[in-house]
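> If you scroll down you'll find the structure; I have some questions about it.
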Amino acid sequence: MFSGFELTEEQKLLQEAVREFAKKEFTPERSREYEEKEEFPWELYRKMCQHGFLGLRIPEEYGGQGYGLIEELIVTYETAKADPALANAVHAGHFGTSFLIHFGTHEQKAKWLPKLAKGEITSAGMFTEPAGGSDIARVLDTKAVKVGDKVWRINGTKTFITNATTFSVACVLVQTDPNANPPYRGQTIFVVERKPGIDATLIKGKMGWRASPTGEVSFSDVEVTDDDILGGPQNLNKGFYQAIMFLDEARVGIGCLGIATAEAALERAVQYAKERKAFGRKIAGFQGLAHRIVEMATRIELGKSMIFRVAKVVEKAREDRSLLDEAIKLACMIKWYGARLAVEACDLAIDVLGGYGYIAEYDVERWFRFAKQLEIVEGTKEIQKNAIARYVLGREAAQYF
Ligand SMILES: Cc1cc2nc3c(=O)[nH]c(=O)nc-3n(C[C@H](O)[C@H](O)[C@H](O)COP(=O)(O)OP(=O)(O)OC[C@H]3O[C@@H](n4cnc5c(N)ncnc54)[C@H](O)[C@@H]3O)c2cc1C
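The sequence shown begins at 101 in the working numbering and counts up by one.
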């Protein structure tokens with residue numbers, strides 16, 4: 101699965117188990133059904149949690165298994181190979197959970213992680229605002245103002261929020277010091293429980309990934325305390341830095357998803373090309389198509405050889421700060437590469453399937469619509485390239501973008 105890496109026996113067992121599970125549960129028929137109903141797949145989400153395939157990085161003392169990023173990626177890959185759109189809707193039920201795992205206080209973890217591990221609730225991570233998602237380093241419109249000794253009041257609106265209508269707990273990036281210079285030094289993440297004053301509206305008409313509820317969330321005088329600051333009061337105004345570390349891991353996850361999506365689409369294309377006939381021969385025998393297929397197969401192979409290497413650097417960078425620049429660069433590279441690959445492989449699969457490629461029953465059109473969002477979430481492809489440019493060309497050259 102990941103060329104060039106020898107999995108441990110335990111990881112191989114996990115891989116086999118999740119592959120079997122995914123074949124049975126992440127069926128394209130089911131994916132189509134949830135996509136049509138635009139409904140979060142609660143049943144499958146709970147099953148994934150109960151089997152220990154989701155939340156496997158939650159520490160054992162909080163109901164999880166204490167695994168690392170590699171194990172999480174194994175599960176991501178195998179489920180996405182079965183059906184990428186459905187897999188990511190289910191995985192996204194835990195969006196934002198890794199904030200709590202990495203930075204949460206014992207109280208924050210004890211309150212939320214066991215329920216997340218069991219699949220009783222979903223979580224959310226909120227950065228994007230109507231005025232912009234790429235530039236989160238600016239003065240945010242969602243603000244928390246101190247109104248008492250320990251009490252803060254949040255007002256503002258976040259948009260494009262995954263699990264907007266289902267989340268019970270959210271890690272919300274807000275401006276706590278509007279005069280900070282630069283502004284990101286005045287941003288804080290609060291762990292916010294769903295309560296009165298928080299309203300969510302589903303965004304309708306999404307191009308794809310419709311089984312995952314995306315929406316707008318508004319905060320109107322929502323009270324939180326110093327104890328709700330992610331990791332405790334000492335992390336006041338450290339939210340931007342926490343978000344950057346979260347994004348590194350999330351970007352590796354998107355890269356992995358993208359490469360799995362590409363492989364799933366390519367397998368469909370190959371299978372079809374070997375069966376379908378035109379002008380008296382199998383279409384696999386047309387060199388133009390065959391070359392596109394082998395070029396894609398080569399690029400997928402390259403991506404697979406990169407995923408674990410990047411994941412290991414990103415994990416190590418948590419302990420060894422000297423690796424942070426390398427981690428950011430590689431995470432942006434794999435995110436951009438994997439997402440682009442997914443879009444191009446699905447496009448290729450639609451071409452190979454001809455008219456059938458455009459029809460829901462043949463799945464690749466749904467995967468194509470899903471794949472496009474991988475180029476937008478966790479930072480657009482332009483934002484990834486801007487970040488990579490800082491390391492490849494140097495900060496001076498990249499200062500204007
Ligand atoms: C399905 C879905 C789910 C999402 N889930 C979440 C979520 O759970 N939580 C959350 O916080 N956000 C979420 N998002 C939001 C997502 O992260 C943002 O949409 C994304 O970061 C882009 O922000 P924007 O839409 O405001 O675009 P903008 O920032 O307005 O960008 C518009 C265009 O300008 C380009 N651009 C902007 N700045 C530059 C620059 N400096 N150089 C070059 N080009 C630039 C962008 O690349 C893009 O092409 C989700 C989005 C989608 C579609």
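Backbone N, C-alpha and C fix where the C-beta goes; we use that ideal spot for every residue, glycine too.
Would the C-beta of W309 count as close to ligand 1, meaning under 7 angstroms from any of its heavy atoms?
Yes, ligand 1 has a heavy atom inside 7 angstroms of this Cβ.
> How many whole angstroms separate the CB atoms of F199 and I289, which I take to be in contact at a CB cut-off of 8 angstroms?
Yes, F199 and I289 are in contact; Cβ-Cβ is about 7 angstroms, under 8 angstroms.
> Short of 8 angstroms in beta carbon distance, which residues of its chain neighbour K374, apart from the five on each side in sequence? Order them along the chain.
If we look at K374 and ignore the five residues flanking it on each side, its Cβ neighbours are K382 and A384.
> Counting only runs of 3+ residues fully inside the stretch 311 to 392, write out the beta strand (DSSP E) ranges in chain order.
314 to 325, all fully within the stretch 311 to 392.
> Pull up the DSSP beta-bridge partners for S223, would you.
BP columns for S223 point to V269.
> DSSP state of V251, grouped into three classes?
V251 falls in the strand class under three-state DSSP.
> So, are the CB atoms of G237 and P283 less than 8 angstroms apart?
Here residue 237 is Ala; the residue named in the question, Gly, does not match the sequence. Contact: yes.
> What runs of the alpha helix (DSSP H), each 4 residues or longer, lie entirely inside the stretch 101 to 179?
The stretch 101 to 179 contains these whole alpha helix (DSSP H) runs: 109 to 125, 128 to 137 and 142 to 150.
> Give the secondary structure of K209 by DSSP, where H, G and I count as helix, E and B as strand, and everything else as coil.
Residue state, collapsed to three classes: helix.
> Report the three-state DSSP secondary structure of E496 (helix, strand or coil).
In the structure shown, E496 sits in coil (DSSP, three-state: anything other than H, G, I, E or B).
> R351 and C432 - do their beta-carbons sit closer together than 8 angstroms?
Contact flag set, yes.
> In whole angstroms, give me the CA-to-CA distance for E178 and V245.
Using only the alpha carbons, I get a separation of about 44 angstroms.
> With DSSP run on the structure shown, which of helix, strand or coil describes I407?
Helix at I407.
> Kindly list the residues whose CB is nearer than 7 angstroms to the CB of P128, restricted to its own chain and excluding five residues on each side of it in sequence; keep chain order.
These residues qualify, in order along the chain: D183 and D463.
> The alpha helix (DSSP H) that contains V443, what's its start and end?
Start and end: L424 to L453.
> Please confirm whether A217 and A264 have their CB atoms less than 8 angstroms apart.
Against a cut-off of 8 angstroms, the Cβ pair of A264 and A217 comes out as no contact.
> Can you tell me the Cβ-Cβ gap for K243 and G233, rounded? I've got them flagged as a contact below 8 angstroms.
Rounded, the Cβ-Cβ distance is 17 angstroms, inconsistent with contact.
> For E475, which of helix, strand or coil comes out of DSSP?
In the structure shown, E475 sits in coil (DSSP, three-state: anything other than H, G, I, E or B).
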